[in-house]
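Asks:
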Amino acid sequence: WIWKNFSETVRRQIQEKQLKIWVVNTATVNTDIPGYAKLIRQLTLCGAVLAHNAIIDGEQQTLLKFLRQRLAKQFSDNPVLLEELTTAVKNGMSGK
19 WIWKNFSETV
29 RRQIQEKQLK
39 IWVVNTATVN
49 TDIPGYAKLI
59 RQLTLCGAVL
69 AHNAIIDGEQ
79 QTLLKFLRQR
89 LAKQFSDNPV
99 LLEELTTAVK
109 NGMSGK
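The following block contains the structure:
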């Protein structure tokens, strides 16, 4: 597949851009509809991408902080949901 032709740096940049697109898209998901399960899956995948991208721990922490801030802003009115979404990210990062 063409993915193998990219350097590690380029792959990381593409994935980080994709990650940001996913996070931005969470703003449009109504958690009362079936799209909620898709959101959880996306965030778990985001976590996995973060873990894959993290050449150094500092970079991983920076991306995780970005993701958490974004989620906190969008779901501040629902702390239970926010915790669940954050957990999905953590699970993705730990490979669960």
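Residues in the sequence shown are numbered from 19 upward in steps of one, following my numbering. All C-beta atoms in this analysis are idealised placements derived from N, C-alpha and C, irrespective of residue type, glycine included. Please read these numbers as outputs of a predicted model, since none were measured by experiment.
Nearest CA to the CA of SER112: which residue from LEU57, LEU103, THR62 and LEU100?
Replies: Taking only the C-alpha atoms, the option nearest SER112 is THR62.
Asks: With a threshold of 7 Å on Cβ separation, who are the neighbours of ASN48 within its own chain once the five nearest residues in sequence on each side are excluded?
Replies: Low confidence applies to ASN48: its pLDDT is 49, below 50, so where it sits in the model is not reliable, and the reading given next is rough at best. Nothing listed; no residue qualifies.
Asks: Do LEU82 and LEU103 have their CB atoms nearer than 9 Å?
Replies: No, Cβ-Cβ distance for LEU82 and LEU103 is not below 9 Å.
Asks: Can you find the residues in the same chain that come closer than 7 Å, C-beta to C-beta, to ASN109, ignoring five residues on each side of it along the sequence?
Replies: Closer than 7 Å at Cβ, skipping near neighbours: THR62 and GLY65.
Asks: Does the beta-carbon of ALA45 have 16 or more other beta-carbons within 10 angstroms, so that it is buried, or is it exposed?
Replies: Model confidence at ALA45 stands at a pLDDT of 47, short of 50, so the residue's coordinates are unreliable and nothing is read from them.
Asks: Report back the beta-carbon spacing between PHE93 and LEU99 to the nearest angstrom; my notes put them in contact at under 8 Å.
Replies: Confirmed, Cβ separation roughly 5 Å.
Asks: Buried or exposed: where does GLN60 fall if 16 or more other Cβ atoms within 10 Å of its Cβ makes it buried?
Replies: Answer is buried; the Cβ neighbour count reaches 16.
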